[in-house]
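Q: Protein chains in written order, with our numbering: chain A, 225 to 551; chain B, 423 to 650.
1) Residues in the same chain with beta-carbon distance under 8 Å from residue 447(A), minus the five sequence neighbours each way, listed in chain order, please.
2) Going by the beta-carbon positions, is the gap between residue 578(B) and residue 604(B) smaller than 9 Å?
3) On a CA-only basis, which of 613(B), 427(B) and 452(B) is nearest residue 467(B)? Give me that one, please.
4) Nearest CA to the CA of residue 537(A): which residue from 502(A), 235(A) and 317(A)?
5) With DSSP as the reference, identify every bridge partner of residue 379(A), one or two as the case may be.
6) So that I know if they touch, is there some Cβ in chain A lying closer than 9 Å to that of residue 474(B)?
7) What does a CB cutoff of less than 6 Å around residue 633(B) pick up in its chain, not counting 5 residues either side in sequence?
8) If residue 480(A) sits next to residue 289(A), beta carbons under 8 Å apart, how far is it from one beta carbon to the other, in whole angstroms?
9) Are the C-beta atoms of residue 580(B) and some chain A residue less than 9 Å apart?
10) Report the rounded CA-to-CA distance for residue 549(A) versus residue 413(A), giving the unit in angstroms.
11) Could you tell me which of 475(B), 522(B), 462(B) and 551(B) sits nearest to residue 437(B), measuring between CA atoms?
12) Helix, strand or coil, according to DSSP, for residue 483(B) in the structure here?
13) Pull up the distance between the alpha-carbon of residue 422(A) and that of residue 492(A), whole angstroms please.
14) Does residue 513(B) get closer than 9 Å to chain A when you measure Cβ to Cβ?
15) Do residue 516(B) and residue 541(B) count as a contact pair if the criterion is CB distance below 9 Å?
16) Tell me where the beta strand (DSSP E) around residue 518(B) begins and ends.
17) Closer than 6 Å by C-beta to residue 315(A): which residues in its own chain qualify, once you throw out the five before and the five after it? Chain order, please.
18) Report the rounded CA-to-CA distance for residue 499(A) versus residue 488(A), giving the unit in angstroms.
19) Decide if residue 389(A) is buried, meaning its Cβ has at least 16 other Cβ atoms within 10 Å, or exposed.
20) For residue 423(A), which residues in chain B fall below 7 Å Cβ to Cβ?
21) Residue 523(B) to residue 392(A), Cα distance in whole Å?
22) Do residue 430(A) and residue 513(B) come within 9 Å of each other at the CB atom, strictly closer than that value?
23) From the DSSP secondary-structure annotation, give me the bridge partner or partners of residue 601(B).
24) With burial defined as no fewer than 16 other Cβ atoms inside 10 Å of the residue's Cβ, what is the status of residue 403(A): buried or exposed?
25) Based on DSSP bridge pairs, tell me the residues matched to residue 387(A).
26) Can you tell me the Cα-Cα spacing of residue 556(B) and residue 442(A), whole angstroms?
27) Quick one: does residue 446(A) have its CB under 9 Å from some CB of chain B?
28) Residue 566(B) and residue 534(B) look like a contact to me (Cβ under 8 Å); what is the Cβ gap, rounded to whole Å?
29) For residue 454(A), tell me which candidate among 509(A), 540(A), 440(A) and 266(A) has the shortest Cα-Cα distance.
30) For a contact defined as C-beta to C-beta under 9 Å, what are the partners of residue 414(A) on chain B?
31) Quick one: does residue 272(A) have its CB under 9 Å from some CB of chain B?
32) Please list the terminal residues of the continuous beta strand (DSSP E) segment that includes residue 457(B).
33) Quick check: residue 364(A) and residue 301(A), are their CB atoms within less than 9 Å of each other?
34) By how many angstroms is the C-alpha of residue 590(B) removed from the C-alpha of residue 580(B)?
35) CA-CA distance, residue 241(A) and residue 397(A)?
36) With a CB to CB cut of under 6 Å and the five nearest residues on each side skipped, what residues in its chain are close to residue 228(A)?
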C-alpha cells in the first residue's frame with residue numbers, strides 16, 4: 225500500500241517534471257507527448273472504474289471517447305464557420321469555450337453510457353464484451369457515413385478552443401489543464417473506491433449473489449459505475465480532439481477501445497495509477513519504437529503478453545506488490 | 423404477528439426435487455430452529471426464501487410475496503442472511519465489508535464491533551486473512567448492518583473450534599434478549615438450540631415432519647429425526 229503511494233507520487237511527479245524540463249529546454253513536442261499520455265491516462269482511468277471496480281470488461285469505451293471528440297469537433301466547427309448548430313425551435317450556436325464543450329461531452333457520453341449500459345448489463349461475461357464492441361462498431365460506422373461532419377475524413381479545427389484566463393495555444397498551458405483534470409479525476413476515483421458505493425460495487429463484483437443477499441442491487445451499482453466511467457472517458461475524448469485539433473471516426477474504432485484497455489492492463493487493473501503508468505509507458509513506446517519501425521505494435525504485443533502471463537497486477541503490481549491486485 | 427410464512431414450499435435442483443412441502447412460520451421476536459439430518463432440505467429451505475433455487479408454494483414476508491421480488495429487494499424488506507460457508511467479501515477489509523452492506527438503523531459499525539470485539543481488533547485487516555470464526559462473526563455482522571427484522575443463520579457454527587462456537591452462541595443469545603430480532607437458526611446442536619430457540623421445525627426428506635415448542639423435542643423425536 226505504502227509502496228504504491230510512493231509509486232503513484234513518483235509517476236505523477238514525473239509527469240510534471242518532464243514537461244517542466246521541456247519548457248526550459250524549449251522542446252514543445254515533448255510537452256505534446258506528455259499531454260497525450262495524460263489524456264490517455266484520463267480515458268483509461270474512466271474505463272478502470274468500470275473494469276477495475278465493477279469488473280465490466282467493456283470493449284466499447286471508444287464510443288465515449290469518440291462522443292467526447294465529436295462534441296468538441298461539432299461545437300467548434302459551428303463556431304469557426306459561424307453557422308448555428310440548430311436553427312429550429314431554439315437557436316443553438318457552436319462554441320469555442322472548453323468548459324462548455326467539456327460539459328456537453330460529459331452529458332452526451334453519460335447519456336450514451338446509460339443507454340448502452342441498460343442494454344449491455346443484461347448480459348455478462350463474453351457477451352458483455354461482444355455487445356459493447358458491437359455498440360462501438362455502430363458508432364464507428366455511423367461516424368464514417370456522417371457526411372455533415374466530414375464522414376471518413378473527420379473534422380479539423382483551426383485553433384485550439386479557449387479556456388478562461390489561459391492561452392491554450394501555449395502547449396504547457398494546455399498540458400496544465402489536462403493534468404489538473406487528471407488529478408481531480410484520480411482523486412474522485414480514490415474517493416469513489418472507498419465510498420459505500422465503491423465498496424458495494426466491489427462486493428457485487430466479487431460475489432454477486434452474496435451482495436444481493438445483503439440488499440445490494442448489482443445491476444444498478446454496475447450501471448452507475450458504467451455511466452461515471454463513460455463520462456470520464458468522454459471528457460478525455462474532448463481533450464484529445466482539442467490536443468490534435470482534429471476528430472475522426474478513428475476515435476470510435478475498436479482499436480481505440482483496445483488501446484484504452486491496454487493502458488490499464490499494462491499499468492495494472494483496479495490500481496489507482498495503473499492507467500497512468502500504462503498510458504505513459506504506451507506513449508513512450510509509441511514514440512521510441514515508432515521511430516525504429518512502423519511495426520512497433522509487434523513489440524507492444526510482446527510486452528503485453530509478458531505482462532499478462534507473468535505480472536498479473538501490471539507494472540504497478542510488479543513494483544508495488546500484488547496484495548491488492550484484481551482477482 | 424407473523425413475519426415470515428412458508429406454506430407447502432417445494433423446490434428443485436434441475437430434475438431432482440429437494441423440497442416436497444415445507445411449512446414454517448416465524449413471528450416478530452421469535453427464534454426458530456430449523457433442524458434435520460444432512461440432506462433433508464434445511465439449506466434448500468433457506469435458499470428458497472432467498473430465491474436462490476426455483477421454488478413453488480407460498481413464501482410471504484411481512485405481507486410481500488417473495489416469489490415476486492428480486493433477492494436484493496427481499497433483503498431490503500428486512501431479511502438478513504448469514505450464508506452457509508460465510509462468503510465474506512474477500513478483498514475488502516473488515517470495516518469495508520460492514521460499510522458495503524450498511525443501511526440506516528440500530529446496527530452500525532460501532533454496535534457490531536461491540537457484539538464481536540474480535541472484529542474491532544481486525545478492523546483494517548482483509549477479510550480473506552481472517553480465521554474461520556472471525557469470518558463467521560463478520561458474516562453475522564454484515565447481515566446485521568442491513569438492519570434486518572429477520573436474521574437467517576445457516577450453519578453459523580459449523581466447523582469452528584468449540585471456544586469460537588461458544589462466542590457465537592453467546593452473541594446470538596445476546597441478539598435475542600437485547601434486540602428482540604426474529605431469527606431462524608439452522609444448526610445441528612440441539613442442546614445449544616434449546617437454550618435460545620422458542621420453536622423448532624424439523625425437516626425429513628424435504629417435508630416439515632415435526633413442528634412445535636423446542637422443549638417438546640423428546641429424545642425419541644431427536645433420535646428419529648435429527649439423529650442425535
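The beta carbon of each residue, even a glycine, is placed where N, CA and C say it ideally should be.
A: Checking against the coordinates, here is how it stands:
1) The sequence position of residue 447(A) within the first chain is 223, counting from 1. Result list for residue 447(A): 338, 341, 342 and 345, in chain order.
2) Within the second chain, residue 578(B) is the residue found at index 156, counting from 1. Within the second chain, residue 604(B) is the residue found at index 182, counting from 1. Not a contact, by the Cβ cut-off of 9 Å.
3) Locating residue 467(B) in the second chain gives position 45, counting from the first residue. Looking at the Cα atoms, 427(B) is the closest of the given residues.
4) In the first chain, counting from the first residue as 1, residue 537(A) sits at position 313. Checking every option, the nearest Cα to that of residue 537(A) belongs to 502(A).
5) Stepping through the first chain from its first residue, residue 379(A) is reached at position 155. In the DSSP output, where bridge partners are listed per residue, residue 379(A) has 471(A).
6) Working through the second chain from its first residue, we reach residue 474(B) at position 52. Answer yes: the Cβ-Cβ gap between residue 474(B) and chain A drops below 9 Å somewhere.
7) As a working note, residue 633(B) is residue 211 in the second chain. Correct list, in chain order: 623.
8) Counting from one through the first chain, the residue named residue 480(A) turns up at place 256. Counting from one through the first chain, the residue named residue 289(A) turns up at place 65. Right, the Cβ-Cβ distance comes to about 6 Å (below 8 Å), so this counts as a contact.
9) Within the second chain, the letter at position 158 stands for residue 580(B). Not closer than 9 Å to any Cβ of chain A, the Cβ of residue 580(B) fails to qualify, so no.
10) Counted from its first residue, the first chain places residue 549(A) at position 325. Counted from its first residue, the first chain places residue 413(A) at position 189. Because the pLDDT at residue 549(A) is just 39, under 50, the model does not fix this residue reliably, and the value given afterwards should be weighed accordingly. Computed Cα separation, rounded: 16 Å.
11) Sequence index remark: in the second chain, residue 437(B) carries index 15 (1-based). Ranking the options by Cα distance to residue 437(B), first place goes to 475(B).
12) Indexing the second chain from 1 puts residue 483(B) at position 61. In this structure, residue 483(B) counts as strand in the three-state DSSP scheme.
13) Taking the first residue of the first chain as 1, we reach residue 422(A) at position 198. Taking the first residue of the first chain as 1, we reach residue 492(A) at position 268. Distance between the alpha carbons of residue 422(A) and residue 492(A): 18 Å.
14) As a working mapping, residue 513(B) is identified with position 91 in the second chain. Output row for residue 513(B): interface = yes.
15) What you label residue 541(B) is simply residue 119 of the second chain in a count that begins at 1. What you label residue 516(B) is simply residue 94 of the second chain in a count that begins at 1. Against a cut-off of 9 Å, the Cβ pair of residue 516(B) and residue 541(B) comes out as a contact.
16) Taking the first residue of the second chain as position 1, residue 518(B) is located at position 96. No beta strand (DSSP E) holds residue 518(B); the alpha helix (DSSP H) holding it covers 516 to 523.
17) Counting from one through the first chain, the residue named residue 315(A) turns up at place 91. Hits under 6 Å: 308.
18) Numbered from 1 along the first chain, position 275 holds the residue referred to as residue 499(A). Numbered from 1 along the first chain, position 264 holds the residue referred to as residue 488(A). Looking at the two C-alpha atoms, the distance is approximately 5 Å.
19) The residue labelled residue 389(A) in the question sits at position 165 within the first chain. The residue in question, residue 389(A), is exposed, as its Cβ has fewer than 16 Cβ neighbours within 10 Å.
20) Reading the first chain from its first residue, position 199 is the one you call residue 423(A). Here the neighbours are 514, 518, 521 and 522.
21) Here the question's residue 523(B) lines up with position 101 in the second chain. Here the question's residue 392(A) lines up with position 168 in the first chain. Their Cα atoms are separated by approximately 46 Å.
22) Here residue 513(B) refers to the residue found at position 91 of the second chain. Here residue 430(A) refers to the residue found at position 206 of the first chain. Their beta carbons are under 9 Å apart, which means residue 513(B) touches residue 430(A) by this criterion.
23) As a working mapping, residue 601(B) is identified with position 179 in the second chain. Per DSSP, none; premise fails for residue 601(B).
24) Locating residue 403(A) in the first chain gives position 179, counting from the first residue. Flag for residue 403(A) reads buried.
25) On the first chain, position 163 is the one that residue 387(A) refers to. 390(A), per the DSSP bridge assignment.
26) Residue mapping note: residue 556(B) aligns to position 134 of the second chain, counting from 1. Residue mapping note: residue 442(A) aligns to position 218 of the first chain, counting from 1. If I take the Cα positions, the gap works out to 26 Å.
27) Position 222 of the first chain, counted from the first residue, corresponds to residue 446(A). So, not an interface residue.
28) Residue numbering aside, residue 566(B) sits at position 144 when the second chain is read from its first letter. Residue numbering aside, residue 534(B) sits at position 112 when the second chain is read from its first letter. Sure, about 6 Å apart at Cβ, within 8 Å.
29) Along the first chain, one-based indexing puts residue 454(A) at 230. Among 509(A), 540(A), 440(A) and 266(A), the Cα nearest to that of residue 454(A) belongs to 266(A).
30) What you label residue 414(A) is simply residue 190 of the first chain in a count that begins at 1. Within chain B, no residue comes near residue 414(A); the closest Cβ sits about 14 Å away, beyond 9 Å.
31) Locating residue 272(A) in the first chain gives position 48, where the first residue counts as 1. No, no contact with chain B.
32) Indexing the second chain from 1 puts residue 457(B) at position 35. Per DSSP, residue 457(B) belongs to the beta strand (DSSP E) from 453 to 457.
33) Position 140 of the first chain, counted from the first residue, corresponds to residue 364(A). Position 77 of the first chain, counted from the first residue, corresponds to residue 301(A). Going by C-beta atoms, residue 364(A) is not nearer than 9 Å to residue 301(A).
34) Here residue 580(B) is taken as the residue at index 158 of the second chain, counted from 1. Here residue 590(B) is taken as the residue at index 168 of the second chain, counted from 1. Residue 580(B) and residue 590(B): Cα-Cα distance of roughly 11 Å.
35) For this step, residue 241(A) is matched to residue 17 along the first chain. For this step, residue 397(A) is matched to residue 173 along the first chain. One C-alpha to the other measures close to 14 Å.
36) Translated into positions along the first chain, residue 228(A) becomes position 4. Cβ within range, chain order: 544.
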